[in-house]
Every structure is written in C-alpha cells, then in structure tokens.
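Participant:
2 protein chains.
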Amino acid sequence: MKKIIFNFDKPLKLVSGQELPSFELAYETYGQLNEDKSNAILVLHALSGSSHAGGKDGWWEGMIGPGCPLDTNKYFIICSNIIGSCYGSTGPSSINPKTGKPYGLDFPIITVKDMVNAQKLLIDHLGIKKLYSVIGGSLGGMQALEWAITYPNEIKSSIVIAATSRMSTQNIAFNETGRFAIILDPNFHNGDYYSYNTKPTTGLSLARMIAHITYLSEKIMDQKFGRELKSGKYLFDLHSIEFEVQSYLRYQGEKFVERFDANSYLYITKAMDYFDVTKELPNLKSKIKFLIIAFTSDWLFPVEQSMEIVKLLKENNNNVSFSLIDSDKGHDSFLIDIEEQGKIVSSFLEGLKNEI
Amino acid sequence: MKKIIFNFDKPLKLVSGQELPSFELAYETYGQLNEDKSNAILVLHALSGSSHAGGKDGWWEGMIGPGCPLDTNKYFIICSNIIGSCYGSTGPSSINPKTGKPYGLDFPIITVKDMVNAQKLLIDHLGIKKLYSVIGGSLGGMQALEWAITYPNEIKSSIVIAATSRMSTQNIAFNETGRFAIILDPNFHNGDYYSYNTKPTTGLSLARMIAHITYLSEKIMDQKFGRELKSGKYLFDLHSIEFEVQSYLRYQGEKFVERFDANSYLYITKAMDYFDVTKELPNLKSKIKFLIIAFTSDWLFPVEQSMEIVKLLKENNNNVSFSLIDSDKGHDSFLIDIEEQGKIVSSFLEGLKNEI
C-alpha cells in the first residue's frame, strides 16, 4: 500500500452549480493492476473514513489483502479519500487558492455525485476504462449506487452495503443534531476556527457521541456495557461519569476530535442528507451486476432500506442479488463483522469472472 | 381542576443518603374523592410533564375527564408534579433555604423512589389510605412500578405504560448526550446560570432535539416530513434550514427551552438512568393488579422491555395483564394515541370494581 495524491489541476463542476478550481484526492492501492487493466476494484469509504482501507490499521483491514475477500492476489484495489474530507483530499480545511487561507465555510457544498465525479477523474488518470467493481458501506454504499447511475458503462458491478437509496428523515434529523452541536460551539467561529488556532472540539465530540449510538445496536450496547458502573456503585453525583457506557461515549468523542475536521463533518453529513436516487434507480437500464447487503441489527440503514434499493433496481430489470446478514452489531457490522460479509463478497466477485 | 401546592415541612430522606430539608409538590385534582376515599387514581408524569394532566392543554387531556378513560364521574384523579421538576415542585431552580439562592447543582441527586416517596406523603396528606390505581407512561410508568415495590399495600393496581424495568444502555447513552450538551453550554455556569441572568438554551435545546428523535418512530417521521424541503428545492447552503424535519426539530428545541429548566433536565434524566428494579420485581409478592402496556413502534422503550416487566412480575405469581397496542407513533404513542390505550385502561379499571 502507498498513499498517493492525485492532483487534478482543472476546475471540477459541482452539482450545486459552483465549482472547485482544482482538487486533490488522496488514494492508496493494494495488489497489482493487470495488463488489460480489468481487475481494478474501487473501495468507497464512509463518513469518517480515509484512503487507508487495507493493511495495518486500515478500516477494512480484514477485507483487503492476499487471500482476503478483496484478494490482492487477484484484484487491484484502489481506495480513494472523498472530496470534502480531511485525509489528504481537498476539503474545507484545505487552502483556498483565492485567499491563501483554509476554505472553511467558503468551501462549496458537495454531493455524493461530486465525490464520485472526482473519483472518476482519478480512475481515468490511472488509465482504467472499466472497474471490475465498486464497493462500499454506508456513505460508501451510496457512492457505489451513484457510480452505477452516473457511470453505468464504466463499472462491471456495484456492491452496496448497509446503505440506502435515500437518506431517511430520521437520519437527516440525527445529522442535524450533530451539525447543530458543532455550529453552536463557541470555538466554531463560523467555520473559521483555523484562524483562531482553536477547534470546536466540544461540538464535534458531541456530534460523534450521538452518531456513535446510531452505529451500534441496542443489543450490542447492552452486551458490551449493560448498566455496569465504573466504580461498582452509584455515586449520586452529576459530575461523575458513572456508567461504563458514558465513559465509552466520551472516549469515542475525544478520540474522534483528534483525527477529524469539524467542517468536513458538516459538509459530508450534508452530502449524505442530499442523497436521494429513488428517481434515478428505476430508470437505470444497465448491465451492471448489483449486490446489495444488509445487516439485521442495523437501525441506521435498516434492512427495509436495502430491500427498497433492490425493488427500485428491479423495476427496470437490473441484475440484483440481495444478502441479509444476521448480525447483532448494528450499522457498524460492515466494518467489524467481516466473516460472512467477506464470503458473500468474494463469491460474488468470483462469479463475475464467468460473465462476458 | 385546580393547581395546589402541598408543602411538606420536614426533611425528606433520599436514597442517596442526603436529605431535602423540606419540599413542595404542585398537584392538580379532577373529579371528587368519594366518602370512603377509595376512588383515587394517581397519574404519574414523564420527564418533562407537569401536574397539569387533565383539562384544557393538559398533557393527557383526552384521557382525563367526564366519560374519559380516567372518568372523573367515577374517579378522583390526582396528578402531582415530581420533585426535581420545575413546575411548582421543589427542584434545582427552587430556593435553597440554607443560602437563599436557587439550589443549582447543590440540589441533591434524586431517584424515582424519592419521587414516589414524596408523592406518598402527598397521598397521606389527602387522607387516602389506598389508591385505586397509579398510572403513567415512560418515567411515569417507572414510578408506577416503584409505587408497587415501595408501597405494595397502598395501591390496588398499577398501570405501567411504555416503560421498562431498567433504563437500557442505549437510553443512558442518549441521556448522556443530552446532559453533555447542557453542561458544555457556556451559559451553564456549572448550574448557577440563575445568578448570571442567563440560561443554557443552546444546550437544552439540543438535548431536546436529540430526545425528540427518540420519541418518534422512523415511520412517523417519514410520513410527517419525509424529505420535504422548506423552499421546495435544495439550497446548497450550510446555513439554511433546508429540510422540514430540521425546521421541526429546531422548533421543538426552541419551544422546550421556554418552558423547562436545564438543571431539572439533568436531575430527572439522571434519576431515569438510575432506575433498575429488575432485582425487586421478582421478589415482589403482592395483591396488586398490574396492567403493562407497550406500543409496537416504540423504540425508546421497546416492547421487549415491557415483556420483561411481565416476566419478572410473574416469577412470584403477581397478577399481570399485558396489552400490546399497534401504533406507528413511537414512544409518544402513550401521549397521543389515546383511543385504544383509553379503552384498555378504562376496562381494566372497571374490572377492578369486582375485586375485593
């Protein structure tokens, strides 16, 4: 694996009508591109992910590697950071060439389609005409759907995991609470906190805590923490962190602010809110092989929402497989419950070889 | 209906070991107490409720009145505000007799049992030896269970709606995010905001927004707001409130801060977190008739948690009925989906008449 920066030096026209004067994408690759460049798989990350999907501490470490479901002995795996993010790609913390200062809230609004359009330019740059597959969970799954809609002839298959055809009302509502927390943090300074040498850590931390609850299932939270107390007894004190689950959430929040930019959180959650391809999917007529995967205990993107994708894709007779995986780990299953997901993905990819 | 203040002028010993030097409870009554004082029903309110349950704009207006499920032609209905609240009862915004200033965070930690103990003193004061029933939803349901445990001979029946035998890990986690929002609001001043002539409105508002999502079902949110846009189109702007559901949530937050005290929110959610009667219920041996009611779409206190109450009560052969109501309105069903709930409650109460 190696992290590379792809620099696109021309303007990128955005869905909003605005444009990015130029942009960079950080990406990593694993395995070898074969001679006819037909074995490339693009891995698409979720809200807070990066290009570091495979290898040590990669967010999909168990999925990518020799003999893994995304087998680097067979496939050339590319994982690109999305625009708007803060892991080496152009986003609100990048320098605005017009001002020489970080964009902040002058960064244009981006959508999932814009993320995909930027990735397409990277794929062109790599000289790949057709991707063997695009695959991702959560926001990554949305991108995998968007790839199919925008570039139906440039992908052979699309694997959409723990995702949806449209961001639900409840999820927009949860995102709203997270953004509200960030924007109202006194250290936010209308997105220009970079100039103040500070960060809206409290707001971003709280946003992450709220979101983190939605990533887990009630059952797994109960199993992991139950009503366990840090000191073994009630302290009858408002200031103390008494329950293990409180401590865990605070820790998740604190860890997150060290690694993620608050403005990126605003922009990417907004892009997710905008995501709605319920009109596009029934009109899609493609040769793409789709694999839709859902997890039983995922309540952020519940099974019904994956089934809705299947239904919409079938309206125009697209080729769709659907797998429901029994898991108690909630939405995060796609990141941590690798075994069954891996088997399904690898056999699906293997099956594509027999296709023309 | 008339709002009355019950003043208890002696110390109230609390579960924590601390005590309140004295306390007041605001309560309202509806209907007439009969001669042998055997027709009194105590209505128990939820987190942000008040004693104003019946009559115009009462939080259970449709449940209480002549000919209503809690029929004031038959029953004498009492609804008491809980200690810790801010609707006329002693809570953190009340004057601390020791300092002449509001308690703030010097208010002692309270539990559901303390709320019930305070109410019991009110019932004694009214000269009522045995309540015909205690009834409540959510935190009110927890109180109805606690009444049965603490005063099993002083109640004839207990109606526990949309509640639980122990606050779940997920719900403690959600409460934690709400309290975090309040405590980190710069206007919180460690709970002493009264002295600064300000209020942590941002934090409390956000706490309410988060909680409000948990009160509704995903389905009803989708039906009410879907992905409707306020201006009919995407604005591609981070500052705008684009989706109707965003606007609705903000409004819920703003409305709430006008009527509720942030410290009360901290103390009452903490009391809920402490609630766990899973050890007490199986040891209870009583003549109480229990009615447990759950709503299919309630994911804050899901059906399984009501069924767990039933199971625990049956271990010692307590008399328990269970009703599951099909509703798509989520946890708030107990407040708004009155019709079927009302029928079940009224026929249960009617049935008690034939009991000795």
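Listed in order, the protein sequences are those of chains A and B.
Using the numbering used here, the letters of the first sequence map in sequence onto residues 87 to 442.
Using the numbering used here, the letters of the second sequence map in sequence onto residues 87 to 442.
Think of the CB as a built atom: it goes at the ideal place given N, C-alpha and C, for glycine as much as any other residue.
Computed from a predicted model, the values in this text were never measured in an experiment.
#1: Output yes if chain A places a C-beta closer than 8 Å to the C-beta of residue 356 of chain B; else output no.
#2: Is DSSP giving residue 323 of chain A helix, strand or coil here?
#3: If we define contact as Cβ-Cβ less than 8 Å, is residue 170 of chain A a contact residue for chain B?
#4: Which residues does DSSP list as the beta-bridge partners of residue 220 of chain A?
#5: State whether the region 241-253 of chain A contacts the region 217-225 of chain A, with contact taken as three or more CB pairs (one from each stretch) at a distance under 8 Å.
#6: Would you kindly check if the distance between the Cβ of residue 176 of chain A and the Cβ of residue 109 of chain A is under 8 Å?
#7: Within 8 Å (strictly less), CB to CB, does residue 137 of chain A reach chain C?
#8: Distance cutoff 8 Å, beta carbons only. Does residue 312 of chain A sit that close to anything in chain B?
#9: Just checking: is the beta-carbon of residue 252 of chain B within a distance shorter than 8 Å of some beta-carbon in chain A?
#10: Would you mind listing the alpha helix (DSSP H) stretches within the region 231-303 of chain A that are 4+ residues and don't spill past its ends, in chain order?
#11: Report yes or no: do three or more beta-carbon pairs, one from the region 296-312 of chain A and one from the region 414-430 of chain A, lie closer than 8 Å?
#12: Could you name the residues of the same chain whose beta carbon sits closer than 8 Å to that of residue 415 of chain B, not counting the 5 residues immediately before and after it, in chain order?
#13: Looking at the structure shown, is residue 151 of chain A part of a helix, part of a strand, or coil, going by DSSP?
#14: May I ask which residues mark the beginning and end of the beta strand (DSSP E) holding residue 158 of chain B?
#15: Using the three-state DSSP reduction, which class does residue 194 of chain A fall into: helix, strand or coil?
#16: For residue 369 of chain B, which residues of its own chain have a beta-carbon under 7 Å away from its beta-carbon, when the five flanking residues on both sides are left out?
#17: Closer than 7 Å by C-beta to residue 435 of chain A: which residues in its own chain qualify, once you throw out the five before and the five after it? Chain order, please.
#18: Should residue 118 of chain A be labelled buried (16 or more other beta-carbon atoms within 10 Å of its own) or exposed?
#19: Residue 276 of chain A: which of A/192, A/98, A/249, A/95 sits nearest, CA to CA?
#20: Between residue 429 of chain A and residue 377 of chain A, what straight-line distance do the alpha-carbon atoms span, to the nearest angstrom?
#21: On the CB-based measure, 16 or more other CB atoms within 10 Å of its CB, does residue 137 of chain A come out buried or exposed?
#22: Where does residue 179 of chain B sit, in a helix, a strand or coil, going by DSSP?
#23: Under the three-state reduction of DSSP, which class applies to residue 335 of chain A: helix, strand or coil?
#24: What do you reckon, are the CB atoms on residue 351 of chain A and residue 290 of chain A nearer than 8 Å?
#25: Can you list the residues of chain A that residue 155 of chain B reaches, using a CB-CB cut of under 9 Å?
#26: What are the start and end residues of the alpha helix (DSSP H) that includes residue 420 of chain B?
#27: Between the beta-carbon of residue 173 of chain A and the beta-carbon of residue 167 of chain A, is there less than 8 Å?
#28: Just tell me which of B/273, B/251, B/170 has its CA closest to the CA of residue 397 of chain B.
#29: Applying the criterion that 16 or more other CB atoms from any shown protein chain within 10 Å of the CB defines a buried residue, is residue 282 of chain A buried or exposed?
#30: Counting only runs of 3+ residues fully inside the region 92-121 of chain B, write out the beta strand (DSSP E) ranges in chain order.
#31: Could you have a look at residue 365 of chain B and say whether DSSP puts it in helix, strand or coil?
#32: Could you tell me which chain B residues have their CB closer than 8 Å to the CB of residue 258 of chain A, listed as they occur along the chain?
#33: Please classify residue 169 of chain A as buried or exposed, where buried requires at least 16 neighbouring CB atoms within 10 angstroms.
Facilitator: The relevant details are as follows:
#1: yes
#2: coil
#3: no
#4: A/128, A/244
#5: yes
#6: yes
#7: In summary, chain C is missing from the structure at hand, where the protein chains are A and B.
#8: yes
#9: yes
#10: 255-269, 287-301
#11: yes
#12: 302, 303, 306, 381, 383, 422, 423
#13: strand
#14: Unbroken run through residue 158 of chain B: none, as it is neither H nor E.
#15: coil
#16: 402
#17: 219
#18: exposed
#19: A/192
#20: 13 Å
#21: buried
#22: coil
#23: helix
#24: yes
#25: Going along chain A, no residue has its Cβ under 9 Å from residue 155 of chain B, so there is no contact; the nearest lies around 31 Å.
#26: 419-422
#27: yes
#28: B/251
#29: exposed
#30: 109-116
#31: coil
#32: 313, 329, 331, 332
#33: buried
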